[in-house]
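Which chain is which? The protein sequence lines are A and B, in order. Residue numbers for the first sequence follow the numbering used here, beginning at 404 and rising by one. Residue numbers for the second sequence follow the numbering used here, beginning at 2 and rising by one. Structure first, commentary second.
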Amino acid sequence: MAKKILWIFNDARQREVEVPLLVRHGFEVLCPKSYNLGFGDHHVSVSDAYDGTLTLPKEVLERLNGCDFYNGIDVETMGLLNEYFDALFCPPIRGTLRDLAMAYRGTLVLRVVDREEGLATTTRLRRLNDWHQFGDWGILTMLDAMGDRFWYAPALESLTKGESALLTRRMVYLPLGLVDASPLDTWKGQEKRLLYICENIRTDEAAQKRYRAFKAAFRKVPHAIVGGQLQPVDDDASVLETGIHFEPAVDACAVLYRHLDDDRFDYDLLEAIRRGIPVVFTREHPKDDDRARFPGFCKSAEEARHKVERILSGDETLIGEIRESQAALLEACAPAAYEPLWAQGLARLSAGLARQRREKKRRRIGVILPAPYTGGVLDYALRFATVLKDEIERHGDDTDLIFAHPRHKAYEERDYFAPLRERKIPVRPFGFEEQDNDWVDKVTTLAGLRAEHDKPWYPEKCAVLKDELTDFGDCDYLILMDDAVPGGEDAALFTMRPYAVVAHDYAQRYCPEAVPQAAADQKAMVQARADRVLVTSAPALSDAVQYGGLPGSRVALTPPLLDVTAKAEAPLAGAGEEGDYFLWLTDAAPHRNHLRALRALLAYYERGGSLDCVIAGEGTEAFAPDTQPEPQHFSFKRIPKPQKPKKRADKGDPSEKEELKPDPVKERQAYVEGIRKWIESEPLLRKHLRFRGGMKPAACSGALAGARFAFHPGYGDNGATVAVDAAGLGVPTLSSDYPAMRALADFMELPLRYMPAFDPDGMAEALLDMEANCGAYAEGLPSRERMLKHAYRAQGPALYEALRREQIL
Amino acid sequence: MKIGIFLGYGPQVRLGKEGLGRYLGGLMKGFQAQDQEVVIACPVWLMRTVSDLMEAFSIDKDRVEFINNRRDPPMWKTYQFSQRFKKKGTFFQQLRNLLKSVFTRIGNQLADTENALVFSILLVINLLAGIVLLLPALLLFGLRWLIGLLSEKAVKFYVKSKRITKELGVNDWQLALFMRMNDTVNANLVALANDHGDVDTWFVPSIFWPQVLGLKGTVVINAPDLVTQEFPTRFSDTLNAENVIKRCREVLLNGKYFITYCDYVKEELLLKQYGKPGDLVRAIPHVDNSMLPYIQIDPAVQKTMGTARDLTMAYARSLLAHRKPIASSEVYSQMVRWDGMKYIFYASQLRPSKNILGLIKAYEYLLREKFISHKLFLTCSLEKGAEIGRYINEHRLQNDVVCFYNVPAQTLAALYACADLVVNPTLYEGGFPFTFGEGMSVGTPSLMSRIPQTQDVLEPAGLEEIMFDAHDWRDMADKMAYWLPRLDELYEKELPLYRELAKRTPDVVAADYLRAFEDFMRLDGKLPEKSA
């Protein structure tokens, strides 16, 4: 059966040449019927002329004809491509290439027909957007992993140079040309005018520049301008035709001026030459090659104007010489010139197709805990890995899972990872190593991913994952369980592997005191370079776009992985707490809304509230009156790194900068001390508050089980799981009202009593209401069975499906 | 009628980037459309920005006459030259690069040599050549340093001896020299304009240049406002404000005919404070500054491309995607994409009277306590506004309050078009703010502060509810919180007023100006009285 090719281009002129060639070489070709390209390409169109060549089921053809292949390819479409298509011709569009590299099992031909701003294709793929120099090696690594199923097919001689080893070693040169390069000689040139072709004058900055340069050089020469425009050009005197058909103008005008661009195939110029018009041209960087010997070639606009004037004044000798010389340009683009190269190239491709292995290669995914957490993120990571492993086995996928964590004392003292080993997930410790830009250049060159002369920019330091084995080179894909990077404030995470990262919340946006600015910037960098950012709630999804600045297509919503504490397994109610109380589980970090909550508590007791408040959580014992503050008494869940002075001197007044960068450790101490003193000065609070500090999980569940209700005055996080734990024990929760908490409660079907997070009076009212009605609130809670439906063990399919949809699995 | 336009701006001004410049462009086009002759008197250093403006507004240059001083003052040229030198990197760096490339070449040559004898000869030659080359380079470097040092000393000495700084009441010697240079240029220009002779009315779009009082003929001066007088303490940081206002007052005091942008400024400033007779002052409201032409895609093209999506909005978004703003956090602004974001927008330069800090406070409240997910986009430069910059840093808003500084008009139009809401918190304006029409022209509704200049327009249109108390950011925040979920309703509400304002095309406004000019000329006895 004939091999099928999906040819993802919509340029009509390119289609006329390439598709018939492919068909002649025995391929069936599908051309896209929907496009959503950039602006100002006046030559794009759709054609169903080649659908007749296809032996596809009708419904498949119809489906594929409805697809826009330019903005990524979804799983269902990918399934059809894998089933029916042997090869794809794809332009260098990051989103689409990424999906194909991850999930397409046939041959991928990266077809490049131009070069933007002189950038190598490798560089173009590596850059996340148009201006910045950050390296994103993931997509190149993905293409590399395709091995002999990947080809690079440049369309111009100039595109074959300066690329990375990844592209050059898989190169087939398939030059662009004209369907018919024979001279038409329809030119008359009766109008003594200079013709200039310029598209998109008002909508494309580069075109505007060219237009102005032309106007400046040829202002005094009678001229006409043609070319497709997106906005009307206010130049009635010279703009003749704003459509793409300007053949009559070519035939009528005496001479054409053209500024050559070696990085593009110049259809307009060649078509004009076919009609016989003499062309005077200049070039961006005059090189000493064949073209420089053409009589129409000029080194400067000045020289060009001189020649144009000679032609306009009827210098027949010059006109004759120029027209005669132009035949050579046509010959170079004639079918006779490019067809043999295509025959050779397609033969190589076909040979590859014949021996292509279509089965999916065994893949390895690394689940990585990036920092030495011991709290919620660790729990999440363990659940993530085990649930995923279960699902992978259930589906019988050829995927291995490994788990990696940083080397740390905390993990030596206690074995957190036993459950993983039980599930046969290899656990790999790793460390971080600091490196610089030169090191990045070196390793990316060694890996064959760096274009010649490409200088990607990293901050001064890169944090490199070192596992004493392959530095995760054996993994096809990494999933980071958090967006933090240890290893100094100005270090960026470096890995050549494509990775997804879980962004648990964007607390830095709502409670800036939660994360120092430098760390917030690091998070942004980790996320920006991620192949996918995984979030666990709708508000976090919105923040990923609005704050993280990520395109929606790169953010994926995954289910939260929560546990429901079993009532029966819980230790005896109270766990040592006596009397009636409610539990406030928090920590000593300054973004937990302590101050407003304490004011609310004071108001609550002043208005006759009778329940005691048990305050528990890491570091909260330091809030207790009569405790002597110890330096660094409170503990961080993440181990803080000592700050090193910045090398680069900041501009401006140093003292002012210093002021803006306070020492976080000192600041926290002062914060805790302030809270402690305030509590100390209020007798009512001293009477009713009990400080328990960090509790072991079992004790914590016990205290929760004995509480009348749980109190959660914080905000800005991704929703507090204490509400879920409490509900599991039949205890209701009074919580601040913020979008993420509502999302979490909705997910777990929990009816929470909400209170305003910024109004101590409103909080006090809610506390009084809670005291009076907590029995009723408790009755409204869902049963444990109902809650278990949403717990992490039940989320495996949803998680697997989410990763499947993103084509990570 | 032959209308002279006098522009005495300094060389740093880029007309196309400022609201006033675009206003002038529309006016000139309007004058031409009504077959009036236009003469422009401006220094040579403005010629480039003037012709850019004319190009942007498609004004026929051949139908405009120019009066220029013959050439730029040598001091300006010298300054420009030194700046050019600065941009290319320090002299030392250039020297180092040069030497590096030379040494690499020599090294390569030596490495390629296989014959020992040839190698030795080359080595010796190169060493000698190196010494010969290096010495002059070092000498050059030293000499340049010396000249730089001496010239700075000399200029300082000159300034001191001439006591220019004292004479002008300016502390900074560079600024003093600059002002003196600009004054001289303008005075010369006035002399040239007077020699020219046949201009019917001189129109001066600003009150910065007292020299125009020397212009002969009917001189009509545009008095936008005297904002520094309204907020003296807030403008105390502004460089040279005290000297500028002195000049403005001189012009207000001694000028004869004035045009303002609204009745409020006419009444309060010119009639009440400066005692001008009512018939010598005319209030002419702003032109409709439509942003649509900058981004609208030709509907005919849309048809031929056969695509259903709204190309105009898609084009606007693409303009944002390719624009790198100045956010306080450099790393952040490198990483993120701006085209998919929802945001609130205010386009304004940084002036104390613009109340940008109030807007930021209202936004911060909405973001942090009401959890709206929008960003706030501005167009001012934060580097120039220490107070605002400090606030943003201290409150860690640098990733949510983002400044697109110095953007071309097309990007400005895109910023308006992609915004959800335009909020103008200003405390004082010369007329009804442009932001309303600029936003509405591309489909974005506005909320505005309640000041006389907006009340005059909004209250008759029944739009009280889109105004907030400019002095109370909570009121601003409440209004924003109320209207953000009701943007379509807000747009519909404001549409009738916008349709009315949109009738003020450049032609209509130009006709208003012409009528004013004629009336003033009649008062000067240059035109016969209208017959009743």
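Glycine included, each C-beta is placed from N, C-alpha and C at the ideal position.
Delimiting residues of the beta strand (DSSP E) encompassing residue i
{"i": "Trp-339 of chain B", "result": "Counting along the chain, Trp-339 of chain B falls outside any beta strand (DSSP E), and DSSP gives it neither H nor E."}
{"i": "Ser-838 of chain A", "result": "It should be pointed out that residue 838 of chain A corresponds to Gln in this sequence rather than to Ser. That run of the beta strand (DSSP E) goes 830 to 838."}
{"i": "His-662 of chain A", "result": "656 to 663"}
{"i": "Trp-203 of chain B", "result": "202 to 205"}
{"i": "Ser-945 of chain A", "result": "Ser-945 of chain A -> not in any beta strand (DSSP E); alpha helix (DSSP H) instead, spanning 941 to 949."}
{"i": "Ser-1138 of chain A", "result": "1136 to 1139"}
Contacts around residue i, its chain only, beta-carbon distance under 8 Å, and the 5 residues preceding and following it disregarded
{"i": "Lys-504 of chain B", "result": "Asp-289"}
{"i": "Gly-851 of chain A", "result": "Asp-547, Ser-567, Ala-568, Leu-569 and Arg-572"}
{"i": "Arg-786 of chain A", "result": "Leu-964, Asp-966 and Tyr-1195"}
{"i": "Pro-1048 of chain A", "result": "Per-residue confidence for Pro-1048 of chain A stands at a pLDDT of 43, beneath the threshold of 50, marking its modelled position as unreliable; the derived number appears in the next sentence. Counting only Cβ-Cβ distances below 8 Å, and skipping sequence neighbours, we find nothing."}
{"i": "Gly-699 of chain A", "result": "Pro-681, Val-682, Val-683, Phe-684, Lys-710, Ile-725, Ser-728 and Gln-729"}
{"i": "Asp-264 of chain B", "result": "Ala-284 and Asp-457"}
Burial state of residue i, where buried means 16 or more other Cβ atoms lie within 10 Å
{"i": "Ile-389 of chain B", "result": "buried"}
{"i": "Gly-1077 of chain A", "result": "exposed"}
{"i": "Pro-651 of chain A", "result": "exposed"}
Any C-beta of chain B under 8 Å from that of residue i
{"i": "Val-948 of chain A", "result": "yes"}
{"i": "Tyr-1141 of chain A", "result": "yes"}
{"i": "Gly-455 of chain A", "result": "no"}
{"i": "Ser-945 of chain A", "result": "yes"}
{"i": "Glu-1061 of chain A", "result": "Here the model assigns Glu-1061 of chain A a pLDDT of 41, short of 50, so the residue's position is not dependable, and the following value carries that caveat. Not one chain B Cβ lies under 8 Å of Glu-1061 of chain A."}
{"i": "Gln-417 of chain A", "result": "no"}
{"i": "Asp-539 of chain A", "result": "no"}
{"i": "Ala-1169 of chain A", "result": "no"}
{"i": "Gly-955 of chain A", "result": "yes"}
{"i": "Lys-1047 of chain A", "result": "Because the pLDDT at Lys-1047 of chain A is just 46, under 50, the model does not fix this residue reliably, and the point stays unresolved."}
{"i": "Ser-1058 of chain A", "result": "Residue placement at Ser-1058 of chain A is flagged as unreliable, the pLDDT there being 42, under the threshold of 50; the coordinate-derived value follows with that caveat. Judged by the 8 Å Cβ criterion, Ser-1058 of chain A is not in contact with chain B."}
{"i": "Ala-866 of chain A", "result": "no"}
{"i": "Ala-784 of chain A", "result": "no"}
{"i": "Asp-1149 of chain A", "result": "no"}
Unbroken alpha helix (DSSP H) run spanning residue i, endpoints
{"i": "Pro-957 of chain A", "result": "The question names Pro, yet the displayed sequence has Arg at residue 957 of chain A. Careful: Arg-957 of chain A lies outside any alpha helix (DSSP H) and carries neither H nor E."}
{"i": "His-907 of chain A", "result": "Unbroken run through His-907 of chain A: none, as it is neither H nor E."}
{"i": "Arg-250 of chain B", "result": "242 to 255"}
{"i": "Asp-671 of chain A", "result": "670 to 678"}
Cβ of residue i within 8 Å of any chain A Cβ
{"i": "Ser-374 of chain B", "result": "yes"}
{"i": "Asp-401 of chain B", "result": "yes"}
{"i": "Val-302 of chain B", "result": "yes"}
{"i": "Arg-15 of chain B", "result": "no"}
{"i": "Arg-64 of chain B", "result": "no"}
{"i": "Arg-397 of chain B", "result": "yes"}
Residue i: contacting residues in chain B (beta-carbon distance under 7 Å)
{"i": "Thr-606 of chain A", "result": "Tyr-316"}
{"i": "Leu-528 of chain A", "result": "Within chain B, no residue comes near Leu-528 of chain A; the closest Cβ sits about 17 Å away, beyond 7 Å."}
{"i": "Pro-635 of chain A", "result": "Asp-299"}
Contacts of residue i in chain B (Cβ-Cβ under 8 Å)
{"i": "Met-928 of chain A", "result": "Val-332 and Met-336"}
{"i": "Tyr-913 of chain A", "result": "Leu-368, Arg-369 and Phe-372"}
{"i": "Phe-1161 of chain A", "result": "Glu-370"}
Residues that residue i contacts on chain A, provided the C-beta gap is smaller than 8 Å
{"i": "Met-342 of chain B", "result": "Val-948, Gln-949 and Gly-952"}
Beta-carbon proximity list for residue i, same chain, < 6 Å, skipping 5 on both sides
{"i": "Gly-515 of chain A", "result": "In the sequence on display, residue 515 of chain A carries Val and not Gly. So the qualifying residues of the chain are Pro-495, Thr-524, Pro-557 and Leu-562."}
{"i": "Gln-747 of chain A", "result": "none"}
{"i": "Ala-1019 of chain A", "result": "Leu-988, Arg-1095 and Met-1098"}
Cβ neighbours of residue i in the same chain (closer than 7 Å, five flanking residues each side left out)
{"i": "Arg-406 of chain B", "result": "Checking the sequence shown, residue 406 of chain B turns out to be Tyr, not Arg. The residues are Ile-327, Thr-380, Cys-381 and Ser-382."}
Under 7 Å from the C-beta of residue i: neighbouring residues of chain A
{"i": "Ser-59 of chain B", "result": "Asp-637"}
Cross-chain neighbours of residue i in chain B, by beta carbon under 9 Å
{"i": "Gln-632 of chain A", "result": "Asp-299 and Val-302"}
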